[in-house]
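With the sequence shown counted from 1, adding 17 to any position gets you my numbering.
We put the beta carbon where it would ideally sit given N, CA and C, even for glycine.
Here is the structure we will look at, set down as structure tokens.
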Amino acid sequence: VYLRGGDAADFRDAMEEQRENYPPAAFYSGLNILGTHDTPRILTLLGADTIPDSKEARAAYHLSPEARRLAVRRLTLAAMLLYTFPGSPTLYYGDEAGMEGFEDPMNRQGFPWGREDQRLLTLYRTLGRLRKERESLQSGDLTYLTAEGGLLIFCRKAGGERTYTALNTGDTPRDVTLPWPNGFAVDAVTLQRFWVRDDMLRLTLPPCDGVILVQRLCMGDVSRETSSFFMSSPVSRETLRPIFAKIVTRR
18 VYLRGGDAAD FRDAMEEQRE NYPPAAFYSG LNILGTHDTP RILTLLGADT
68 IPDSKEARAA YHLSPEARRL AVRRLTLAAM LLYTFPGSPT LYYGDEAGME
118 GFEDPMNRQG FPWGREDQRL LTLYRTLGRL RKERESLQSG DLTYLTAEGG
168 LLIFCRKAGG ERTYTALNTG DTPRDVTLPW PNGFAVDAVT LQRFWVRDDM
218 LRLTLPPCDG VILVQRLCMG DVSRETSSFF MSSPVSRETL RPIFAKIVTR
268 R
């Protein structure tokens with residue numbers, strides 16, 4: 018619901034209820050998944066405004082180009098949430114390739130070898146690498162900073178390492194302000210850099226956009242905290258521009 022324009026506060030409250038009802042070991046190792054062989058494809062759920070009445074119509078259904086573009090943007094945010102939230106991120110085959118489909122057998126088609134959505138593949142590979150390299154995403158504490166309307170911001174912390182996820186699922190831009198040590202912040206998905214002034218990070222998230230922020234201390238050098246990920250990341254602004262069409266406001 019949150020990814021289709023719901024209130025971030027409802028998502029936070031639902032997740033906090035889970036955290037209260039389960040011991041930490043269960044909460045931090047829970048099976049987190051966006052789709053399975055028993056559910057419609059996540060891309061279809063995020064893009065379809067209506068569900069055809071008959072199974073024949075559902076079998077023939079494909080998202081329109083406009084609906085698919087919106088679904089990919091929403092899935093990008095969903096994947097960022099999946100890979101930075103506590104628990105074990107689990108991927109149903111084909112979601113990373115952009116497969117569509119309603120119920121069985123539409124959601125169980127063969128993998129589209131040679132026809133994968135390369136932008137989504139790049140995104141998922143980058144998120145997997147980020148999750149593998151950052152201790153804060155594997156076992157870090159969870160702290161919510163903002164959960165209001167379409168804006169959700171939370172921090173994962175382990176030792177001195179922090180990772181901030183900021184998502185805007187709404188249809189209007191949202192300003193983000195975070196305390197930040199001297200230096201600058203980096204979006205770990207696109208490597209977009211954000212200058213910090215007076216120990217405060219300020220940026221504007223366009224509608225249906227998001228960032229995963231990590232610290233990088235000085236221009237020209239990669240901090241020890243993030244060097245392994247940044248040196249091996251294949252993602253560039255040009256690769257993900259069709260997904261994000263990001264406009265960054267620096268103050």
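Item: Exposure of residue 244, with buried meaning 16 or more beta-carbon neighbours within 10 Å; Value: Residue confidence for residue 244 is low, a pLDDT of 40 falling below 50, so the modelled location carries little weight; the figure read from the coordinates is stated next. Residue 244 is exposed by the Cβ-count criterion.
Item: Coil, strand or helix - residue 151 by DSSP; Value: coil
Item: Proximity to residue 92 [Cα-Cα], best of 59, 68 and 204; Value: 59
Item: Cβ contact check for the region 166-181 and the region 117-124: 3 or more pairs under 8 Å; Value: no
Item: Close beta carbons around residue 148, own chain, < 8 Å, minus the five adjacent residues each side; Value: 100, 101, 106, 154 and 155
Item: Counted within 10 angstroms of its Cβ, other Cβ atoms place residue 97 as buried (16 or more) or exposed; Value: buried
Item: Inter-stretch contact (C-beta, 8 Å, three-pair minimum) for the region 189-197 and the region 219-226; Value: yes
Item: Extent of the continuous beta strand (DSSP E) to which residue 171 belongs; Value: 168-175
Item: Cβ separation of residue 186 and residue 22, assumed to be a contact under 8 Å, to the nearest whole Å; Value: 6 Å
Item: Where residue 61 falls, given that 16 or more other Cβ within 10 Å makes a residue buried; Value: buried
Item: Cα-Cα separation, residue 240 to residue 208; Value: Only weak support is given to the placement of residue 240: the predicted model assigns it a pLDDT of 40, under 50, and the question is left unresolved by the model.
Item: Neighbour flag for residue 35 against chain B, beta carbons, 8 Å; Value: Of the chains in the structure shown, none is chain B; there is only one protein chain.
Item: Where residue 18 falls: helix, strand or coil (DSSP); Value: coil
Item: CA nearest to the CA of residue 112, picked from 181, 122, 128 and 104; Value: 128
Item: Given residue 175 as reference, the closest of 152, 188 and 182 once Cα atoms are compared; Value: 152
Item: For residue 232, the three-state DSSP class (helix, strand or coil); Value: strand
Item: Nearest to residue 183 (by Cα), restricted to the options 232, 198, 177 and 161; Value: 161
Item: Reference residue 57; option with closest CA among 30, 28, 89 and 124; Value: 124
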